[in-house]
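S.K.: Sequential numbering from 212 applies to the sequence shown in the numbering used here.
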Amino acid sequence: TADTFAESTEFFGKDMFQNALAAVGNYGEIYTRHLVSISPRLEINEINNEETTGLLYSHPLGKVDTVGPGPIKGGVIERILQRGFLRC
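(1) Please classify L292 as buried or exposed, where buried requires at least 16 neighbouring CB atoms within 10 angstroms.
(2) Looking at the unbroken alpha helix (DSSP H) that takes in G239, where does it start and where does it end?
(3) If you check the beta carbons only, do N230 and G239 fall under 9 Å apart?
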């Protein structure tokens, strides 16, 4: 909830998240307003239809049967793999 972001509200005010939602709407309202004419919702992605949890199904992007070139030499992913764990 917006109440858990106390540190973020220093510059934008206590009601920053409520104000943002009031200005543009929630995900469902934004999708309906801008995307439904281009890409109608599939039944699996219906939000708040009183039968589901409202979770969204993420479709795979690109070819899922191909393997990429691997991590860049000396890059962040290579260092994580060498270290054996991700620092959070």
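The beta carbon of each residue, even a glycine, is placed where N, CA and C say it ideally should be.
M.R.: So, to answer that:
(1) Walking along the sequence shown from the start, residue 292 turns up at place 81. Looking at its Cβ environment, which holds fewer than 16 other Cβ atoms inside 10 Å, L292 is exposed.
(2) Here residue 239 is taken as the residue at index 28 of the sequence shown, counted from 1. Residues 238 to 245.
(3) As a working note, residue 230 is residue 19 in the sequence shown. As a working note, residue 239 is residue 28 in the sequence shown. Cβ distance not < 9 Å, so N230 and G239 don't count as in contact.
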